[in-house]
Amino acid sequence: MLDEPSIGLHQRDNDMLLATLKRLRDLGNTVLVVEHDEDAIRTADYILDMGPGAGVHGGEIVARGTLDEILASTGSVTADYLNGPREVPVPAKRRKGTGKKLTVENATANNLRGVTASIPLGTFT
Numbered sequence: 051m052l053d054e055p056s057i058g059l060h061q062r063d064n065d066m067l068l069a070t071l072k073r074l075r076d077l078g079n080t081v082l083v084v085e086h087d088e089d090a091i092r093t094a095d096y097i098l099d100m101g102p103g104a105g106v107h108g109g110e111i112v113a114r115g116t117l118d119e120i121l122a123s124t125g126s127v128t129a130d131y132l133n134g135p136r137e138v139p140v141p142a143k144r145r146k147g148t149g150k151k152l153t154v155e156n157a158t159a160n161n162l163r164g165v166t167a168s169i170p171l172g173t174f175t
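The working numbering numbers the first residue of the sequence shown as 51 and each following residue consecutively.
Put into structure tokens, the structure is as follows:
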């Protein structure tokens, strides 16, 4: 059982994670994953869509089955996002931040070899 294992992963690493989960399944293991990542949902053999909302507003199975069965279901927010009628909007206006930045210079730990990076403060980066 894994709880959102794709959080924070680069797409390449997410692809490797999904391949590893498939290998575990192919070895005869039951793999149960709680996930919001679209690729993970689309890769799953069987999906339980919980809802209809979050927290106290959820807890019910609103859809279950294969990806095709989920996509054909009504009342599933997940199906709405996967099918396209709903999407996560990009804000029209973004925060400008503070104008300040955090600079890391000549970082040489682990796989970093003399890397310098500046990260703006007061923004979602």
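By construction, the Cβ of each residue, glycine as well, lies at the ideal position given by its N, Cα and C atoms.
Look at residue i and residue j and say whether their C-beta atoms are less than 8 Å apart.
| i | j | result |
| --- | --- | --- |
| ARG114 | ILE97 | yes |
| ASP87 | SER56 | yes |
| GLY105 | VAL112 | no |
Considering Cα atoms alone, identify which of the options is closest to residue i.
| i | options | result |
| --- | --- | --- |
| LYS151 | ASP87, PRO170, HIS107, LEU74 | PRO170 |
| GLU119 | ALA94, ASN79, LYS143 | ALA94 |
| THR116 | ASP99, MET51, ALA159 | ASP99 |
| SER168 | THR153, LEU121, ASN64, ARG145 | THR153 |
| THR80 | LEU52, ARG136, VAL140, ALA159 | LEU52 |
| GLN61 | GLU54, ASP89, GLY78 | ASP89 |
Which word fits residue i, buried or exposed, when buried means at least 16 other C-beta atoms lie within 10 angstroms of its C-beta?
| i | result |
| --- | --- |
| THR128 | buried |
| LEU59 | exposed |
| LEU74 | exposed |
| LEU68 | buried |
Assuming residue i contacts residue j under a Cβ cut-off of 8 Å, what Cβ separation, rounded to an integer in Å, is found between them?
| i | j | result |
| --- | --- | --- |
| LEU71 | VAL84 | About 13 Å; that fails the 8 Å criterion. |
| GLU155 | THR148 | Incorrect: roughly 20 Å between the Cβ atoms, too far for contact. |
Pick out the complete beta strand (DSSP E) segments inside the segment 137-163, 3 residues or longer, and give them in chain order.
Entirely contained in the segment 137-163, the beta strand (DSSP E) runs reaching 3 residues are, in chain order, 151-157.
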